[in-house]
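For the sequence shown, my numbering assigns the number 301 to the initial residue and increments by one for each residue that follows.
We put the beta carbon where it would ideally sit given N, CA and C, even for glycine.
Please read the structure below before turning to the comments.
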Amino acid sequence: MDVRTSGARAAEAHAPGAEQDGKQAERDGKQGEGHGHPSAGEGPGGAPDAFGPHPDELPDGLVVADETGLVTCFNAAAARITATDPADAIGRRLEVALPLEDLDGRRWWALTDPYGGLAIRAGQPERNLLLPGGREVLVSARYVRERPTGPVRRVVVCLRGTEARRRTERSHAELIATVAHELRSPLTSVKGFTATLLAKWERFTDDQKRLMLETVDADANRVTRLIAELLDISRIDSGRLEVRRQPVDLAAAVRRHVQALTAAGHTAERFLIRVRGPLPRLWADPDKIDQVLGNLLENAVRHGEGTVTIDIAPAPARPVAEGPKEGPAEGPTVERTAVTVSDEGPGIPEESMSRVFTRFWRGSKRGGTGLGLYIVKGIVEAHGGTITVDRARGGGAEFRFTLPVGTPAYLA
301 MDVRTSGARA
311 AEAHAPGAEQ
321 DGKQAERDGK
331 QGEGHGHPSA
341 GEGPGGAPDA
351 FGPHPDELPD
361 GLVVADETGL
371 VTCFNAAAAR
381 ITATDPADAI
391 GRRLEVALPL
401 EDLDGRRWWA
411 LTDPYGGLAI
421 RAGQPERNLL
431 LPGGREVLVS
441 ARYVRERPTG
451 PVRRVVVCLR
461 GTEARRRTER
471 SHAELIATVA
481 HELRSPLTSV
491 KGFTATLLAK
501 WERFTDDQKR
511 LMLETVDADA
521 NRVTRLIAEL
531 LDISRIDSGR
541 LEVRRQPVDL
551 AAAVRRHVQA
561 LTAAGHTAER
571 FLIRVRGPLP
581 RLWADPDKID
591 QVLGNLLENA
601 VRHGEGTVTI
611 DIAPAPARPV
621 AEGPKEGPAE
631 GPTVERTAVT
641 VSDEGPGIPE
651 ESMSRVFTRF
661 WRGSKRGGTG
671 LGLYIVKGIV
681 EAHGGTITVD
691 RARGGGAEFR
701 FTLPVGTPAY
711 LA
């Protein structure tokens, strides 16, 4: 089966020696079929498969060279990545159509020598290489042979852009910078106060000693909280966040958090708790639900204004689909509980709402790591729930999360 793009076929029709190359490729294909190596897009035994993917449908760049080193396939993704017209690549030698260099400026194909190197090589692992102009691209290659140590019949090259990897590396760098910044301040405070107390203990009154030790304790709690956030992020990213379900009284949990905030100096009149109707029995991880509630209420107090309203109510039961079906989902219904936290502050700009639950998003310059809402979303989704952000009726921000009633840990 011919795996070339339509542009590739047109270019090859005018390439020197195209007819001979086509016949040779046809013979190679038949030989490959005889040795159990069907071409791409072919079914068992090398028979054409009508449902095989076209090279232009592949998400990665695909470049194929025959046994003589001439390019026979140059798909649309490869053209986009290399900024090369397929018509200019088909029929040319691989090292000319795809001039790659390593990071030291050495010509890649001259170094690897796919056709004349060791006969036991199966290909090249993925690595960063440079296109003309210094643009980085991820390249891997496979050497197709009829037998393990036979001559190379085809070289198949896969190309990928580095944008996704760069975004990941940039995210990791931002995480390290944020952690270093957030740790520096409390650790400097702890070091300063402890060194002062050890050197001049007798010179301070009991009240002064207590004040310094309370500051050390608060800063140590801040460091502990940051480390817990980092561990949560690691578990969320790796899909290892454990949920230990127990009966949870959401209304009592909200009241407990509000009492803690009023004890910290906020007026009780700033909070309004509304519980609507009898709530279904909720099984969830109480510690993680406390983490969600604490983060949302702290955000509303720190970044919002006016009254902070917390609504707790049963949510409409959502049907769960039992399999892939067209139309509305059918299956058993799942009872849900919804919690809405809203304030009367300036709210969140419309253009920022899509980024609220991403890492390092900060709604204002009032401090914080920008990791809290990312963790909140991970915890809610680990429970099988959903969380959204919108504009409240009073103009502030409104966060709403729903949790399925769930089952206890020993039945999950």
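Helix, strand or coil: which one does DSSP assign to residue i?
i: I536; result: helix
i: N428; result: strand
i: I527; result: helix
i: G492; result: helix
i: P646; result: coil
i: V656; result: coil
i: E622; result: Only weak support is given to the placement of E622: the predicted model assigns it a pLDDT of 42, under 50, and the value that follows is read from those uncertain coordinates. In the structure shown, E622 sits in coil (DSSP, three-state: anything other than H, G, I, E or B).
i: T372; result: strand
i: L362; result: strand
i: A564; result: coil
i: P414; result: coil
i: A419; result: coil
i: P616; result: strand
i: G635; result: According to the sequence displayed, residue 635 carries Glu and not Gly. Reduced to three states, the DSSP call for E635 is strand.
i: P355; result: helix
i: G594; result: helix
i: L483; result: helix
Near residue i, which residues of its chain fall below 8 Å by C-beta distance, leaving aside the five closest residues on each side in sequence?
i: I420; result: P448, T449
i: P432; result: P399
Cutting at 6 Å between CB atoms, please list the residues of its own chain near residue i, excluding the five before and the five after it.
i: E426; result: L438, S440
i: A692; result: S642, E698
i: G694; result: E644
i: K588; result: I679
What are the boundary residues of the alpha helix (DSSP H) that includes residue i?
i: G672; result: 672 to 682
i: I381; result: 376 to 382
i: R460; result: Run containing R460: none in the alpha helix (DSSP H); it sits in the beta strand (DSSP E), 452 to 460.
i: D388; result: 386 to 389
Express the C-alpha separation of residue j and residue i in angstroms, rounding to a whole number.
i: F699; j: R467; result: 28 Å
i: P578; j: N521; result: 37 Å
i: T723; j: V490; result: A query on residue 723 cannot be resolved here, the shown segment of the chain reaching from 301 to 712 and no further.
i: L596; j: L483; result: 23 Å
i: G416; j: C373; result: 21 Å
i: L561; j: F571; result: 10 Å
i: A564; j: T607; result: 17 Å
i: T688; j: V371; result: 50 Å
i: L582; j: P704; result: 8 Å
i: M512; j: R503; result: 13 Å
i: E436; j: P586; result: 48 Å
i: G647; j: Q508; result: 41 Å
i: S534; j: T496; result: 36 Å
i: E469; j: T462; result: 10 Å
i: E529; j: H566; result: 25 Å
i: I536; j: E681; result: 10 Å
i: A518; j: L671; result: 20 Å
i: V592; j: I675; result: 8 Å
i: R510; j: T488; result: 18 Å
i: G696; j: S538; result: 34 Å
List the endpoints of the continuous beta strand (DSSP E) containing residue i.
i: P704; result: 697 to 704
i: L276; result: Here the chain comprises residues numbered 301 to 712, so residue 276 is not present and cannot be evaluated.
Should residue i be counted as a contact of the ligand FMN given a C-beta to heavy atom distance under 7 Å?
i: V680; result: The ligand FMN is not part of this structure, which contains no ligands at all.
On the DSSP bridge assignment, give the partners of residue i in chain order.
i: W583; result: P547
i: D768; result: Not covered by the structure: residue 768. The range shown for the chain is 301 to 712.
i: E436; result: L430
i: Q401; result: Note on residue identity: the sequence assigns Glu, not Gln, to residue 401. The partner list for E401 (beta bridge, DSSP) reads R407, L430.
i: T688; result: R700
i: V444; result: R454
Going by beta carbon distance, what residues of the same chain come within less than 7 Å of residue i, once the five residues before and after it are set aside?
i: Q573; result: The question names Gln, yet the displayed sequence has Ile at residue 573. Closer than 7 Å at the Cβ level, and outside the excluded window around I573, lie V554, R555, V558, I610.
i: A378; result: G361, L362, V363, L459
i: E401; result: R407, W408, L429, L430
i: R442; result: A422, G423, V456
i: G685; result: F701, T702, L703, P704
i: P580; result: P614, E635, T637, V705
i: T658; result: Y674
Would residue i count as contacting chain B if we go by Cβ distances under 8 Å?
i: L497; result: Looking for chain B here will not work: only one protein chain is present.
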